[in-house]
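Inspection log for the structure reproduced underneath, given as structure tokens.
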Amino acid sequence: MTLEEVAIHHRINPNSLNTKDDALKIGIKSIKELVPIMEKRGVGKNTINDIKRLGLFFQDVTQTTSS
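Here the sequence shown is numbered in our numbering, starting from 6 and rising by one per residue.
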């Protein structure tokens, strides 16, 4: 699947998904928006912490350099 096909499939503007790194950035932004919503809805702390940890993983990946 191409990045454009992935964007269309997941209802993301294809113009905002030019590289795989963009996908990580979109994931990070989505998690940052999702966590407060989950907290307001009373989702369990363990689940929220797992989602936050996933976001931190995505952040770490975007900040890596190739070896």
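Just so you know, even glycine gets a beta-carbon here, dropped at the ideal spot from N, CA and C.
These figures come from a predicted structure and were not determined experimentally.
Our two residues, E44 and Q64, have alpha carbons roughly 21 angstroms apart in a direct line. Apart from sequence neighbours up to five positions away, the residues of its chain that approach V40 with a beta-carbon distance below 8 angstroms are I53, I56, K57, G60, ordered along the chain. Counting the other Cβ atoms within 10 Å of the Cβ of I42 gives fewer than 16, which makes it exposed. In chain order, F63 place their CB closer than 7 angstroms to the CB of G32, counting only its own chain and leaving out the 5 sequence neighbours on each side.
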